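J.: In the numbering used here, the protein residues as written are 5 to 277.
Even glycine gets a Cβ: it sits at the ideal position worked out from N, Cα and C.
Please read all numbers here as calculations on a predicted model, not as lab measurements.
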């Protein structure tokens, strides 16, 4: 089988066993598309899925189908430019009340690769609010995808390439009611100094509280684009230590946040040794 192509199947748990999976209709599973993930509404009336079939906005898009009176699925409707971008959207999931659509995207405003977003939705009207990035620490500079919420609404699971994992993509559990304690996210980039093409670097970064002299966070920049993110208090100052193999280490100061600088990104250039 073509390992680059996916199709969506349905199975039912009946008499304490799963029945043989049945492939969904051909207008959902297309011959020249990759249908990679799907979710269904609580009442079973709506299906959301991802596909890179021709005719979308670019990459993988999210589509919606409605259950017809004959039990079949309607023709797919693209979820539109409020949800889809020219990049990949994947891994749809609906909240227990079917009012919030969660999905991962490489478009919109992302911290790294795939980030998890949420959008209020009206499935009957195929309308959506502006997607909100779920932010750090849920999202990272790597892939964050396949987000689901338990029925109790208090816990969620997802797959992530965070630096402190066991390798590759790990499964993480989060508290849906976590408090950010008034912390802010700041982003930056690490490059090789003098490189004509702004060569991004994978660097180890430590954040040190200037008052306590204690390291409060360790980060790694993304080799593909050099990007990293920091979690800081708006009322403190920090030292940022940056190290990369084959380059001279650098330390810079992170000032107390103000309305003028909280959106500024760091651009760090390291000298080769």
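#1: Run the CB neighbour count on residue 131, radius 10 Å, all protein chains shown included, and call it buried at 16 or more, exposed below.
#2: Report the rounded CA-to-CA distance for residue 163 versus residue 177, giving the unit in angstroms.
#3: Below 8 angstroms on the Cβ atoms is my guess for residue 224 versus residue 167; work out the distance and round it to an integer in Å.
#4: Under 6 angstroms Cβ to Cβ from residue 57, same chain only, skipping five residues before and after it: list those, please.
#5: Would you mind stating whether residue 53 and residue 41 have Cβ atoms separated by less than 8 angstroms?
#6: Of the choices 61, 20 and 11, whose alpha-carbon is the least far from that of residue 29?
#7: To the nearest angstrom, how far is it from the Cα of residue 165 to the Cα of residue 236?
#8: Measuring alpha carbon to alpha carbon, tell me which residue in 277, 258, 154 and 150 is nearest residue 189.
#9: Got a sec, what are the start and stop residues for the beta strand (DSSP E) residue 258 sits in?
#10: On the DSSP bridge assignment, give the partners of residue 65 in chain order.
#11: At 3 residues or longer, what runs of the beta strand (DSSP E) sit wholly inside the stretch 132-173?
#12: For residue 159, which residues from the same chain have a beta carbon less than 8 angstroms from its beta carbon, with the 5 sequence-adjacent residues on both sides left out?
#13: Kindly indicate which three-state DSSP category residue 43 falls into: helix, strand or coil?
#14: Would you decide whether residue 39 is buried or exposed? Buried here means 16 or more other CB atoms lie within 10 Å of its CB.
#15: Taking Cβ to Cβ, would you say residue 108 is nearer than 8 angstroms to residue 119?
T.: Reading it off the structure:
#1: Counting from one through the chain shown, the residue named residue 131 turns up at place 127. Flag for residue 131 reads exposed.
#2: One-based indexing of the chain shown puts residue 163 at position 159. One-based indexing of the chain shown puts residue 177 at position 173. So the two alpha carbons sit approximately 9 angstroms from each other.
#3: Taking the first residue of the chain shown as position 1, residue 224 is located at position 220. Taking the first residue of the chain shown as position 1, residue 167 is located at position 163. 5 angstroms between Cβ atoms; contact.
#4: Here residue 57 refers to the residue found at position 53 of the chain shown. Only 34 and 37 meet the Cβ criterion.
#5: Locating residue 53 in the chain shown gives position 49, counting from the first residue. Locating residue 41 in the chain shown gives position 37, counting from the first residue. Here residue 53 is near residue 41, since their CB atoms are less than 8 angstroms apart.
#6: Along the chain shown, one-based indexing puts residue 29 at 25. When only C-alpha atoms are compared, the closest one is 11.
#7: Within the chain shown, the letter at position 161 stands for residue 165. Within the chain shown, the letter at position 232 stands for residue 236. Cα to Cα, residue 165 sits roughly 22 angstroms from residue 236.
#8: To locate residue 189, count along the chain shown from 1; it is residue 185. Taking only the C-alpha atoms, the option nearest residue 189 is 258.
#9: Position 254 of the chain shown holds residue 258. First-last of the beta strand (DSSP E) with residue 258: 254-258.
#10: Numbered from its first residue, the chain shown carries residue 65 at position 61. Beta-bridge pairing links residue 65 to 55.
#11: 148-153 and 159-164
#12: Numbered from its first residue, the chain shown carries residue 159 at position 155. Within the same chain, residue 159 has close Cβ partners 153, 177, 178, 179 and 180.
#13: To locate residue 43, count along the chain shown from 1; it is residue 39. Residue state, collapsed to three classes: strand.
#14: Working through the chain shown from its first residue, we reach residue 39 at position 35. So residue 39 counts as buried.
#15: Looking up residue 108 in the chain shown gives position 104. Looking up residue 119 in the chain shown gives position 115. Cβ atoms of residue 108 and residue 119: closer than 8 angstroms.
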